[in-house]
Amino acid sequence: MNIRDFLSQKISSAMQAAGIPAEYSANVAPAKKVGFGDYQANGAMAAAKAMKSNPRAIAQTIIDQLDLDRIADKIEIAGPGFINIHLSDEWLSQVLGNTINTQQLGMEKAIEQTIVVDYSSPNLAKEMHVGHLRSSIIGDALVRTLEFQGHNVIRQNHVGDWGTQFGMLIAELEEHIEKSESEDFVLQDLEVFYQRSKQHFDADEDFANRARDYVVKLQSGDEKILALWQKFRHVSLQHSEDIYQQLNVTLSAQDVRGESAYNADLPKVVSDLKQQNLAVESQGATVVFLDELADKEGNPSPVIIQKHGGGYLYATSDLAALRYRANELKADRVLYFIDARQSLHMKQVFTLAKKANFVPAAMSLEHHPFGTMMGEDGTPFKTRSGGTVKLADLLVEAVERAAALIAEKDNDLTESEQTEIARKVGIGAVKYADLSKTRTNDYIFNWNSMLSFEGNTAPYLQYAYTRIRSIFRKANIDVADLSHIIIQAPEEKALALKLLQFEETLQQVAREAMPHTLCNYLYDVASAFMRFYEACPILKDDVDPSTRLSRLGIAEITAQTLHIGLDLLGIETMEKM
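Numbers given in my numbering equal positions in the sequence shown, counted from 1, plus 148.
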């Protein structure tokens, strides 16, 4: 149950009954300070200002019409007109008890939308590097959250599998095949192969001309060149899928729809823009000038959609992709997780797509940019030699470091259990360290902090979950027998309130595409549970049976919340640690 929405509806009805115009909202939020109730509403102040009345008097008229019988113990006016609501322990007990053993923790399903999420999108014929991490895991966290809410979510992995670089790569691969070298052997290390072909392209003019010729043949559908291109595509996608599996990212081969998928529509995009008199010839290229994005001097923003010589650009394929998502996928909302350096490009594409009526006016187009992973020196994360860090190598190191930490601790885990836990802790630590930072910020990559079992980290939350599971092993009780909650202690109420804010937290994550909000919430839940566990004994002999069952119920809901919340972030839990 979403208490915030519930109270907002109640107070909004009271405001209308008090004669306050409907455009003034209740403005309900959890209280930020102890002693100011559990929730606060400050809508009376905005309404009073507009109505030229005393805000405390307006607040009183709202309270006079407010029916929270048996829901709130106390309703009071504070300061200039805040309405403080102290919720009843009995009511909270009932609401929280209703969430035990429900897969959705008692949440209501959202009004279903078709939401396309564009994320990860590596360039093929190269190995994924750390620069692909943020898009992949932030996008996946949103996909999982939106699906949990009940939306129809369509993943789109818009891989870079087309363009001039493939002429160079195909020419290089052909030379190796002519030397009777195995294709699979040659493509074992995609990064090395790419670098070698680039050096060849820059140093040998005949090779470069042949590569350019292969681009034309590729675009015109030459069977031999297409077959070699397919080889690159297959090897690259297999590499990406291996990384997604290690990362616990839900992208699969069925979600890949790369630049090549839109090749046939590119001439139509240009033609349609010309027919609408939006595209003009400029210095040999076909360009759209957007007055909507003009600079400070009033110069319109140029969007090149076809180069001199006939080549197309990213903007052209992105427009074609939007047409597909609007007309074929029938998307209500499209979310792009692409780094902040592409902000102008995305604004141009969105503005032009709407202007050309390629997408409906009501379709929400959203670019959710993210910052950069930085090294300890404050510069973009690199290897010690200054090279790009392969994502596969980073994940191997994460698991190795987690295994070393686990081996140092006293435990009764088998070797296979330690291996499995090291994988979950290592991968989870890397993902959570990223997801817990505000998406738009850069952040410093630090092994020690992300693998710490203290503070706002994945290992701390994973440990909190296993601690609750160990309580149930000691209690030897079936969780199906738990249903009745009795809130008595302040620590019980504080934890109950936090647990009942899960739905509103997910709504915020889905609305703002900010996974760190969920991370902070889960850390608050785990911290509130630790305070509850210290103050409210569960398994001690002097705890009466009904209190023990109630506290076990609260513990079970906490475990469910941590498990589901971490799963929405793509982070695995374990029963022992």
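Don't be surprised by glycine CBs; every beta carbon is placed ideally from N, CA and C.
Around the C-beta of Q313, 16 or more other C-beta atoms lie within 10 Å, and the residue is accordingly described as buried. The beta carbons of D237 and K641 sit about 6 Å from each other, so the pair counts as a contact at 8 Å. For the pair V243 and S269, the CB atoms are not nearer than the 7 Å cut-off.
The stretch 614–622 and the stretch 700–713 touch, with no fewer than 3 CB-CB distances between them shorter than 8 Å. Taking 7 Å as the cut-off, the Cβ atoms of F485 and S283 count as close. Secondary structure note for L426: it is in no beta strand (DSSP E), with a DSSP letter that is neither H nor E. Contact between the stretch 428–439 and the stretch 373–387 is absent, with fewer than three C-beta pairs closer than 8 Å. Apart from sequence neighbours up to five positions away, the residues of its chain that approach L240 with a beta-carbon distance below 6 Å are I635 and A644, ordered along the chain. Judged by DSSP in its simplified three-state form, K646 adopts helix. In this structure, S384 sits away from W310, with a CB-CB distance that is not shorter than 7 Å. A residue is called buried when at least 16 other Cβ atoms come within 10 angstroms of its Cβ; K538 meets this threshold and is buried. DSSP, reduced to helix, strand and coil, places G227 outside both helices and strands of the structure shown, so it counts as coil. Across the structure, G279 and F341 are spaced so that their CA atoms are roughly 19 Å apart. Under the 10 Å beta carbon count, R481 is surrounded by 16 or more other beta carbons and is classified as buried.
Bridge partners of M521 according to DSSP: Y591. Shown here, K502 sits in a helix according to DSSP, grouped into three states. Non-local beta-carbon contacts of A442 in its own chain, meaning distances under 7 Å to residues more than five positions away in sequence, involve P448 and S449 in chain order.
Looking at M316, I575 and T520, the one whose alpha-carbon comes closest to that of L542 is I575. The alpha-carbon of D439 is positioned some 39 Å away from that of Q402. A distance of 7 Å or more separates the beta carbons of G519 and T605. When the five nearest sequence neighbours on each side are left out, no beta carbon in the same chain lies closer than 6 Å to the beta carbon of G535. Taking the C-beta atoms as reference points, A189 is found no nearer than 7 Å to P203. Cβ atoms of V176 and S156 come within 8 Å of each other, at about 5 Å. The C-beta distance from A504 to L426 rounds to 6 Å, short enough to fall under 8 Å. With a 10 Å radius around the Cβ and a threshold of 16 neighbouring Cβ atoms, L395 comes out buried.
Boundaries for N300: no alpha helix (DSSP H) harbours it, while the beta strand (DSSP E) harbouring it runs N300 to Q304, taken from the DSSP string.
Residue burial is scored here from C-beta neighbours: V428 has fewer than 16 other C-beta atoms within 10 angstroms and is therefore classed as exposed. Ranked by Cα distance from A676, the options I219, Y613 and D525 are led by Y613.
Under the DSSP assignment, I554 falls in the alpha helix (DSSP H) whose first and last residues are L539 to E556.
Here the C-alpha atom of S600 lies approximately 10 Å from the C-alpha atom of N594. Taking A463 as the centre and dropping the five residues before and after it, the same chain places the C-beta of V451, I452, I453, H493, Q496, V497 and L500 closer than 8 Å to its C-beta, in chain order. Excluding sequence positions up to five before and after Q213, its CB lies within less than 7 Å of the CB of A162, A165 and A166, all in the same chain and listed in chain order. Under the three-state reduction of DSSP, D690 is assigned to coil, being neither helix nor strand. Within the stretch 205–261, the runs of alpha helix (DSSP H) at least 4 residues long that lie entirely inside it are, in chain order, 237–245. For T434, there is no enclosing alpha helix (DSSP H); the enclosing beta strand (DSSP E) has its first and last residue at A433 to L438.
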